[in-house]
Structures are given as structure tokens and as C-alpha cells.
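S.K.:
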Amino acid sequence: MRECKIVSRKFELENSHTLEVAKANDGYRTLAKMAEYSPLEMIEIIQESNLRGKGGGGAPAGDKWALMPQNSDKPSFLAVNCDESEPGTFKDRKIISKDPHLLIEGILLTCYAIRAKHAYIYIRGEYKQYQGILQSAIDEAYEAGILDACDITVHRGAGAYICGEKSALLESMEGKRGHPRLKPKQKEPEWFFDNPTLVNNVETIASVPFIIENGANAYKSYGTEKSSGTLLFAMSGHVARPGVYESEFGISMMEYINHFGGGIKNGKRLKAVIPGGASTGVITAKEAETVTLDYESLLSIGSALGTGGMIIMDEDTCMVSALKNLLEFYHEESCGQCTPCREGTGWVDKLVAKILNKRGTKEDIDKLLEIADTMNGKTICVFAPSVSTVIVSFIKRFRDEFEEAL
Amino acid sequence: MSEIVEVIVDKRSYNAEKGSLLIDLLIKEKIKVPYFCYHEALGADGNCRMCMVEIEGQKRPQIACDTFVKEGMEVHSTGENIEKVRTNILELELINHPVDCPTCDQAGECSLQDFYMDYGLHDSKIAIPEKVKGLKKVDLGSNVMLDQERCVLCARCTRFTDKITHTHELGIIGRGDHARVSTMPGRKLDNPYAMNVVDLCPVGALTSKDFRFAQRVWFLQTVDSICHGCAKGCNIYIDHNKIKYQDDVIYRFRPRRNDDVNGFFICDEGRLSYKNLQENRQETTLLNGNEISEDEAIQEAMNFMQKYENNITIVIDANLFTEEIDAILEFAKNINAKVCSPLAVYIDENFKDDMLKSSNRAANSKTVERLNINTNEPNLSGMIINFNHPQTFKSEEQIHFLTHARNEQGLIFPIAAFTENAGTLTNEDSITQKCEKAVDKNSPAPTILAYLQKVQV
Chain A
3 MRECKIVSRK
13 FELENSHTLE
23 VAKANDGYRT
33 LAKMAEYSPL
43 EMIEIIQESN
53 LRGKGGGGAP
63 AGDKWALMPQ
73 NSDKPSFLAV
83 NCDESEPGTF
93 KDRKIISKDP
103 HLLIEGILLT
113 CYAIRAKHAY
123 IYIRGEYKQY
133 QGILQSAIDE
143 AYEAGILDAC
153 DITVHRGAGA
163 YICGEKSALL
173 ESMEGKRGHP
183 RLKPKQKEPE
193 WFFDNPTLVN
203 NVETIASVPF
213 IIENGANAYK
223 SYGTEKSSGT
233 LLFAMSGHVA
243 RPGVYESEFG
253 ISMMEYINHF
263 GGGIKNGKRL
273 KAVIPGGAST
283 GVITAKEAET
293 VTLDYESLLS
303 IGSALGTGGM
313 IIMDEDTCMV
323 SALKNLLEFY
333 HEESCGQCTP
343 CREGTGWVDK
353 LVAKILNKRG
363 TKEDIDKLLE
373 IADTMNGKTI
383 CVFAPSVSTV
393 IVSFIKRFRD
403 EFEEAL
Chain B
3 MSEIVEVIVD
13 KRSYNAEKGS
23 LLIDLLIKEK
33 IKVPYFCYHE
43 ALGADGNCRM
53 CMVEIEGQKR
63 PQIACDTFVK
73 EGMEVHSTGE
83 NIEKVRTNIL
93 ELELINHPVD
103 CPTCDQAGEC
113 SLQDFYMDYG
123 LHDSKIAIPE
133 KVKGLKKVDL
143 GSNVMLDQER
153 CVLCARCTRF
163 TDKITHTHEL
173 GIIGRGDHAR
183 VSTMPGRKLD
193 NPYAMNVVDL
203 CPVGALTSKD
213 FRFAQRVWFL
223 QTVDSICHGC
233 AKGCNIYIDH
243 NKIKYQDDVI
253 YRFRPRRNDD
263 VNGFFICDEG
273 RLSYKNLQEN
283 RQETTLLNGN
293 EISEDEAIQE
303 AMNFMQKYEN
313 NITIVIDANL
323 FTEEIDAILE
333 FAKNINAKVC
343 SPLAVYIDEN
353 FKDDMLKSSN
363 RAANSKTVER
373 LNINTNEPNL
383 SGMIINFNHP
393 QTFKSEEQIH
403 FLTHARNEQG
413 LIFPIAAFTE
423 NAGTLTNEDS
433 ITQKCEKAVD
443 KNSPAPTILA
453 YLQKVQV
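If you read the sequences in order, they're chains A and B.
Going by this note's numbering, the first sequence opens with residue 3, and the numbers climb by one from there.
Going by this note's numbering, the second sequence opens with residue 3, and the numbers climb by one from there.
(1) Residues in the same chain with beta-carbon distance under 7 Å from Tyr253/B, minus the five sequence neighbours each way, listed in chain order, please.
(2) Which value, in whole angstroms, describes the spacing of the CA atoms of Gly166/A and Arg158/A?
(3) Applying the criterion that 16 or more other CB atoms from any shown protein chain within 10 Å of the CB defines a buried residue, is Lys380/A buried or exposed?
(4) What did DSSP end up calling His230/B once you bin it into helix, strand or coil?
(5) Please specify which runs of the alpha helix (DSSP H), each continuous and at least 4 residues long, are wholly inside the segment 11–75 of chain B, giving them in chain order.
(6) Taking DSSP's pairing of strands, which residues face Trp193/A in a bridge?
(7) Would you please verify whether the beta carbon of Ala34/A is less than 8 Å from any beta carbon of chain B?
(8) One question on the structure: do Phe255/B and Cys232/B come within less than 8 Å of each other, judged by their Cβ atoms?
(9) Taking Cβ positions only, does Arg259/B come closer than 8 Å to chain A?
(10) DSSP beta-bridge partners for Asn83/A?
(11) Does DSSP classify Ser367/B as helix, strand or coil?
(12) Can you tell me whether DSSP reads Leu94/B as helix, strand or coil?
(13) Under the DSSP definition of a beta bridge, which residues are partnered with Asp75/A?
(14) May I have the straight-line CA-CA distance separating Arg259/B from Tyr40/B, to the nearest angstrom?
(15) Have a look at His19/A and Cys340/A and give me their C-alpha separation to the nearest angstrom.
(16) With a 10 Å radius around its C-beta and 16 neighbouring C-beta atoms as the bar for buried, classify Gln150/B as buried or exposed.
(17) Consult DSSP for Asn27/A and reduce its assignment to one of helix, strand or coil.
(18) Give me the chain A residues within the contact set of Val487/B, using Cβ-Cβ distance strictly less than 9 Å, ordered along the chain.
(19) Cβ atoms of Asp68/B and Leu172/A: under 8 Å apart, would you say?
(20) In whole angstroms, what separates the C-alpha of Met75/B from that of Asp26/B?
(21) Should Ser4/B be counted as a contact of the ligand NAD given a C-beta to heavy atom distance under 7 Å?
(22) Under 8 Å by Cβ, that's how I've got Thr449/B and Ala407/B pegged, so tell me the actual separation to the nearest angstrom.
(23) At a Cβ threshold of 8 Å, is Gly348/A touching chain B?
(24) Confirm, please, whether the CB-CB distance from Tyr121/B to Thr167/B is below 8 Å.
(25) Is it true that the CB of Ile327/B sits closer than 8 Å to the CB of Leu358/B?
(26) Going by alpha carbons, who is nearest to Cys53/B out of Gly110/B, Glu73/B, Phe117/B?
(27) What three-state label does DSSP hand His242/B in the structure shown?
(28) Using the C-alpha atoms, what's the distance from Leu295/A back to Lys228/A?
(29) Pairs of beta-carbons, one from the segment 118–138 of chain B and one from the segment 302–312 of chain A, closer than 8 Å: are there three or more?
(30) For Ile268/B, which option in Phe415/B, Asp356/B, Ser4/B has the closest C-alpha, if you only look at C-alpha atoms?
(31) Which class does Cys103/B belong to by DSSP, given the choice of helix, strand or coil?
(32) Hey, Ile313/A and Ser238/A: beta-carbon distance below 8 Å or not?
(33) So the candidates are Asn290/B, Asp442/B, Glu31/B, Asp431/B; which of them puts its Cα closest to the Cα of Ser79/B?
(34) For the beta strand (DSSP E) holding Tyr247/A, just list the boundary residues, first then last.
(35) Answer yes or no: do Cys342/B and Asn312/B have a C-beta to C-beta separation smaller than 8 Å?
(36) Going by beta-carbon coordinates alone, are Leu191/B and Val146/B separated by less than 8 Å?
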């Protein structure tokens, strides 16, 4: 397996979060490229590199950058999405705690490309300790004069999962309730206080310096044709060595789990994997044998790569309780704006609790699927469709366990 | 003018402005579409997800309140698919609803009830102990009571305080199925238009303290009228009912939509002005405080008019209907009396705001001005005949025609209030509007016109 450390290069170094270590290891070197490329050229490089958003959606980042106006009389903003709340996902905190200067470097390059003078990092409320590391790195950068032309403000969220959705994130940053906005009918930037704004995930921004330094082709040399580059894949659950390990796209899932994770914990057999954060459909061990870690492969078996944060479940896992665990989370975290999600998440949680308590009926299982259908594609954001996917994937792949539990 | 395009809804063709909201077209053309959160005054919020329609070329059903009209758009608002979607979403809306319609004031004018009759008609599939509980009576302030369990979280009320009054008292707190409407910490709902949230609320979550438990709405009769609180001329509905063996009573005023005048709303003071109309009424005919019969009083009035011939001043209330003012002017000509209608007394700068309230608190002063009636104070020598003008004048002799009892000397006749009579008014923007007769009292006071026919000289 080829070693590829694009974002995680400095993670293992001692005091890697300090400016001193960053600078000693080529940090901020790419800032000189700003003199070489115009903002538009930089956007073209990102488009050319096929960098895809690493927050879960996997949309082409460069195309999103290109939507930002190059000559607007309104100020442009960059909002870096560090509201990492997806269960099973913990890669962004690795970046902000182990190499915050890489993120700052990426922010400076991105702001240059989209002509923004101010970037916000929206950080998850629970990441208080990492916020301290990030903030001291920003303070160091200010002192060193690195942030003379561009400001960075860290904005701490209040702990709502939905604020990771980009429009809810901006609503929250504007001081309102974190409710996703109605989607625009045409392609356009996001809007922060009515100003054009780019929202990107931490890891996406942290990948930018490598691409600008080494060129689009160097980045594309990793991964598959459609899923270019690398991702900070992560493992949690019943795996020997859980953690975050960077790898290129396209390697086999089992190979990744065995190579980096040391296989299933205590030598047990694998039962199921949730491939990319809780909101992607669960897959069976058999499917895990066949898939590769890229957007297309997982999509083809009816799941998604998401954030690449794999939740590994061994043979002893009760799938009904696993689903109950997830649904409790969604029940708690639905923002409550759209009816299907607000009422649906509570209802499915109660129904699975009923099944778990041996009071369920066969109709309850069908009712779960029916509610999942109502929740799919009928709301403002993708929260409810995700819950729907989770329910359907669990019942479709492990229906016998649900029926046994009745 | 924007471009008008053709849209096909359920195989029929309609014209609509390009880029306008599809739901506006459906509402205008009376095509049945269920919705809670959309309101023409508040715009789209897209949270209730009830107004789903199918649009040709779109994979999934779309909400009509977030769909913009395009040339040749083909919409299906009926059919098995769309009705199933609406039924399923309505079912979710209802799982935590307390279904306490028998004690709910909204019953009979509740969107949830209406849509249940259209799309639901199923039994609740969630056991009652599992329903999310909330507070049943929260006094939000300004006569508005909140029942959190009945709320469908459409956010109309919060959007009203955000977008219309800009007072921001209301918000939604909590997430998921525990989200609920509340006032901001340490605040009360407190603005002069607050009670409009009761009308905006599509269900029984927000009810008026003033109207709660007073009447079942299906017993009420509704009449179109105009508020007499100021010169704005806000359009209202008068809801009244005559219970057997009792008198005809007004239970509430509600705003009636008129985009040229008041839009969708009225102020709370105007809304509650129905109470004064029914209290402390002048009910008997009096001569210097002693009750006399109407016939005697009319005879007395004629004697007075003869005695003070050519020395009579008529004072007109600028709230009277135009028809009444016309008749009074005719009468004045016949008896050779001077006429005036002092308007200064109606001016109240403290009442004025930049929404609907006008500092001119006379509903028909525009007509007084149009007819060139003298607006100065009357001459106090001789006799004054006062047609309900609010000022007291110390003249030698006085005849009063009053809706409400007050301390006056001379001859006093009771007259009908505007709710007991029909007529027209012209508001401060020169818009002439009609009030219909609402109340039919058991012993009605005569109208001014009826008196003037009797008192012919």
C-alpha cells in the first residue's frame, strides 16, 4: 500500500501545532505562490485537481469556488466548516489540533482565490480544548505577520449537529437559530449577512496547500479517476487500532481496516460497517469485502462514502440496538424545522425502542419503512433523508434480526 | 409589468406572473392545497411541507410555496401519489397533537381539522403516553395564550414579530419534537398588533384571552364592517351571535383582508373596541335626567326648535355614516340651523404609529371635509343639537342624540351604534367603504335617519 500523507504529514511531529515546527517543515511556503498565480488561475488549479469537498458530500470544491464573484462590491467571506459532529467522524479535530498552521495556510490561499479578506472557522461547541490550540496557532500567525492581509475569526457553535449543514452554519454564525435555509434554484454562493460566502470543510481547505505547491496532477496521481486524492479515513468501534489514517481513495475497505486498524478487535468476525459517518447506510461484512474506499464504489452498493469515518461492528453487535443508538442521536439533533423530520425522528426512535423492548409487531417494522419513505426527499435539508437511508439500510440488510427481536 | 406566462395545473391552463410563487396561484384560483406555514403577508418558510405538488420533470414532489412559476410548467395538485404524501406528512403532524378539539377554541376554524377531513381520517398510531407533552396554558402577554401541545411549529407567529412588527418577542426554543414557541427570556409579547398572531395561528395553539371559551365559532355570524377606531378604516369582520332568549352580542372583531387599506391586520385597540360598543349604552329617552317617552321627547324637541328658531347650531360627530351626515345637512337646511363638526378633538398624536394607526381618530372626517362642514367650535348662544359628537358644549338649551350614556343636560335620545346600522365611510386616504348591519338588538335604539323622519318641522 502506497503511503500518502498530504494532510497528515506533520501529525506525528512533536509540537506540530506550533508555528516554529510548522515553519521548520515547509509550512507557509506556498504563500509565495500568490505572486505567481492570479486568483482565477488558482481556482482553475483546484478545479483541475478534482478536489472534492471532504465534509461528506463530495461535491467538486473548485466549482464551488468558481461561483464566488471576482469583482463584487460586497465583501466575500470564507466560512470553514469545523462543526464536526457526525458520529464516527473525528478527522477535522486531528487537523486543528495537530497541524492548525496547515489549515491557516489553506485559508490564506483560498481567501486569495475567492478575494475574501475575512475567514471564519465555525468550530463545534464541544471542541473547546481543540479550539484553544487552534486559537493559539492563529494568535502566533497574527504575531508573525502572516495574517496581515486576511483576518481569521474562530466562531464556536453551541452544540447542534445541524449547524454542520452549510446554510444552518451561516444562520448560526449570523446569530440566529441553526436552521437550514431553503435551497436556491440556481447555482450560487452561500450568503453570510447577504454577502457571497464560500463554505468548505476543514480538510478540504487543508488539502489546498499541497495542490497549489505540487500542481493538480500531483494530487490527481492519488486516488481513482473520479475520486482524486486522499482522505483522512477514520475507524472506530470494534477494531484493534481505531484512529485517523490518511489514505488515497480507491483502496479496498478490508485492506484499509486490516492494514491501518489491525483487523477486528479480539479476533472476532466483522458483521457490518457504517462506511462514512452515521448518516451513511450500513453495509454487511460481505459487501465490505467487495467495496473500495471511493465515492463511486460505495454509491453503487446503495451506501455512501460520506466523511470516511467508518464505524466497525463485530459479530456480537445487536443491529436493533445499534439502530436505536443512532436514532436516539437523530431524535435529539433534528432541528425541528420541517414536519417530517421533527415528528418523524421522534416516532422512529419510539418505534425501535418498542421493538427493542420486545413489544414490537411486524407492522411496526413496515411502519418504520413507511415513515422512512415520508422522511426521504421531502424536507429542506438532507438530515431527514439521511435518517431515512439509515433506517432502510438497517432493515433491508438485517431484517431477520429485527423480526427476531419482536 | 412582469411577464405573464401560462401554467398548467391539473390539465387546466392558468396565467400567472413569471417568477411568482406557485402557491399564490393555487390560492388565488381556489385550487385545494393544504398549508400551515405559508402566509401571504409573511412569505414562504417551507417548514410544514404540506403544500406538496407534483411538477412534470421533477423527480420528487415539491412544495408549492418554494416553487417559482415558469413558462409551460405542468403541475399536478391531485392524484394518488400526492395525496399519499400529504396524508403521510399530516399523520406526522398529528402524532404529537393532543386532539383536544372539544375544548379547543380553534375547533371549527382549524386548518389541522380541515386537512384531517381532506387527507387524514385515520386513528392515531401513537399511544397517548408516548406523546410529547408541553405546557397547556402559557400567558404570552397582550391577551395571547399559548398551548404548546397544539402547536404545529409553522413559525407564523415568530415571523410576524420578526417581519411585521419588528419587535422580536417570540421565538422557537428547543429542537426536534421538543421545539416550542416561547417568548424571549425576560420578555412578554408586547406590541400594539400582538393579537394578530391569534388569527395567524392555523391551529389552536395561540388563542385570544378575550375570546377563549366565549363561543363555539360555528355559532357565530360574520358580517363585513369597518373599524371606527381611527381614520384608517381597517376592514374587519364582526362575529356576533344571538343566543335564544338573550340579546345579540358581538364576540370579536377580526381583520378582513384589504390590500389597499390594512392588508391582513388590525391593531389590538381596534380589535378590542367592540367591548366599548356594548357597554354603557344610552338606552332611554331623557329630559334633564328624567325618563320620558319617545313621543313626548319628540314633541319637546319640536317645541325647543320653534323656541330657538334661527338660533340653532347642529354639531356632527365625524364618525357618523355619510348617509347620516347627508340627512343631517338636509335637516339643518330645513330648520335653518348652522352646522359644525369640530375635528380638533379627534386628533391624538400618541395613538399614531407607522403601521396602521392614524392620529386622526374620526372614521369619517374625510366626508366632513368634503362637504365643507365648518370644523370650528359652535357658537354657544341659542340651542345646540348634538349628533353624538364627543365634546360637551355649555349652550342655553341642548338636544343630544347619543350612542353612549354621558352626563349631559337637556333632551337626550338614544341612537344605534354603527354595528346596529349600515352605511358608508370615507377613510383618510379617500377610500369609501361600506359597513353592513351586524347586530339586531332585542330593543334596538332608532337610527338617526329614523328620528329625522319623525322630527319634521
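Ideal Cβ positions, reconstructed from N, Cα and C, are used throughout, including at glycine.
M.R.: Well, looking at it:
(1) Taking the first residue of the second sequence as 1, we reach residue 253/B at position 251. Excluding sequence neighbours, Tyr253/B sits near Phe213, Ala216, Gln217, Leu222, Asp241, His242, Asn243.
(2) If you number the first sequence from 1, residue 166/A lands on position 164. If you number the first sequence from 1, residue 158/A lands on position 156. Roughly 12 Å separates the two Cα atoms.
(3) In the first sequence, counting from the first residue as 1, residue 380/A sits at position 378. By the 10 Å Cβ count, Lys380/A comes out buried.
(4) Reading the second sequence from its first residue, position 228 is the one you call residue 230/B. His230/B: coil per DSSP, three-state reduction.
(5) 24–30
(6) Mapped onto the first sequence, residue 193/A falls at position 191. Its beta-bridge partners are Pro198/A.
(7) Translated into positions along the first sequence, residue 34/A becomes position 32. No, because no Cβ of chain B sits closer than 8 Å to the Cβ of Ala34/A.
(8) Position 253 of the second sequence, counted from the start, is the residue given in the question as residue 255/B. Position 230 of the second sequence, counted from the start, is the residue given in the question as residue 232/B. Their beta carbons are not under 8 Å apart, which means Phe255/B does not touch Cys232/B by this criterion.
(9) Counting from one through the second sequence, the residue named residue 259/B turns up at place 257. It does not; no Cβ of chain A falls within 8 Å.
(10) Counting from one through the first sequence, the residue named residue 83/A turns up at place 81. Beta-bridge pairing links Asn83/A to Tyr124/A, Asn203/A.
(11) Along the second sequence, read from residue 1 onward, the residue named residue 367/B stands at position 365. Three-state result, Ser367/B: helix.
(12) Numbered from its first residue, the second sequence carries residue 94/B at position 92. DSSP places Leu94/B in helix when its eight states are reduced to three.
(13) Position 73 of the first sequence holds residue 75/A. DSSP, once it has assigned bridges, lists no residue as partnering Asp75/A.
(14) On the second sequence, residue 259/B is found 257 positions in, with the first residue counted as 1. On the second sequence, residue 40/B is found 38 positions in, with the first residue counted as 1. Cα to Cα, Arg259/B sits roughly 16 Å from Tyr40/B.
(15) The count along the first sequence starts at 1 and reaches residue 19/A at position 17. The count along the first sequence starts at 1 and reaches residue 340/A at position 338. Computed Cα separation, rounded: 41 Å.
(16) In the second sequence, the residue the question calls residue 150/B occupies position 148. When all chains shown are included, Gln150/B counts as buried.
(17) By one-based count along the first sequence, residue 27/A stands at place 25. Asn27/A falls in the coil class under three-state DSSP.
(18) No statement about residue 487/B is possible, as the shown extent of chain B runs from 3 to 459 and does not include it.
(19) On the first sequence, residue 172/A is found 170 positions in, with the first residue counted as 1. On the second sequence, residue 68/B is found 66 positions in, with the first residue counted as 1. Cβ distance not < 8 Å, so Leu172/A and Asp68/B don't count as in contact.
(20) To locate residue 75/B, count along the second sequence from 1; it is residue 73. To locate residue 26/B, count along the second sequence from 1; it is residue 24. Distance between the alpha carbons of Met75/B and Asp26/B: 15 Å.
(21) Among the components of this structure there are no ligands whatsoever, and the ligand NAD is therefore not found.
(22) Within the second sequence, residue 449/B is the residue found at index 447, counting from 1. Within the second sequence, residue 407/B is the residue found at index 405, counting from 1. Going by Cβ atoms, the distance from Thr449/B to Ala407/B rounds to 18 Å, so no, they are not a contact pair.
(23) Locating residue 348/A in the first sequence gives position 346, counting from the first residue. By this cut-off, Gly348/A is an interface position.
(24) The count along the second sequence starts at 1 and reaches residue 167/B at position 165. The count along the second sequence starts at 1 and reaches residue 121/B at position 119. Taking 8 Å as the Cβ cut-off, Thr167/B and Tyr121/B do not qualify as a contacting pair.
(25) The count along the second sequence starts at 1 and reaches residue 358/B at position 356. The count along the second sequence starts at 1 and reaches residue 327/B at position 325. Going by C-beta atoms, Leu358/B is not nearer than 8 Å to Ile327/B.
(26) Mapped onto the second sequence, residue 53/B falls at position 51. Nearest option by C-alpha distance: Phe117/B.
(27) On the second sequence, residue 242/B is found 240 positions in, with the first residue counted as 1. Reduced to three states, the DSSP call for His242/B is strand.
(28) If you number the first sequence from 1, residue 228/A lands on position 226. If you number the first sequence from 1, residue 295/A lands on position 293. Going from the Cα of Lys228/A to the Cα of Leu295/A covers about 12 Å.
(29) no
(30) Taking the second sequence and counting its residues from 1, the one referred to as residue 268/B is at position 266. Comparing Cα positions, the closest option is Asp356/B.
(31) Reading the second sequence from its first residue, position 101 is the one you call residue 103/B. Note: Cys103/B maps to helix in three-state DSSP.
(32) For the purposes of this step, residue 313/A is taken as the residue at position 311 of the first sequence. For the purposes of this step, residue 238/A is taken as the residue at position 236 of the first sequence. In this structure, Ser238/A lies closer than 8 Å to Ile313/A by Cβ.
(33) What you label residue 79/B is simply residue 77 of the second sequence in a count that begins at 1. Nearest C-alpha to Ser79/B: Glu31/B.
(34) Within the first sequence, the letter at position 245 stands for residue 247/A. From DSSP, the beta strand (DSSP E) with Tyr247/A extends over 245–250.
(35) For the purposes of this step, residue 342/B is taken as the residue at position 340 of the second sequence. For the purposes of this step, residue 312/B is taken as the residue at position 310 of the second sequence. Contact: no.
(36) What you label residue 191/B is simply residue 189 of the second sequence in a count that begins at 1. What you label residue 146/B is simply residue 144 of the second sequence in a count that begins at 1. Their beta carbons are under 8 Å apart, which means Leu191/B touches Val146/B by this criterion.
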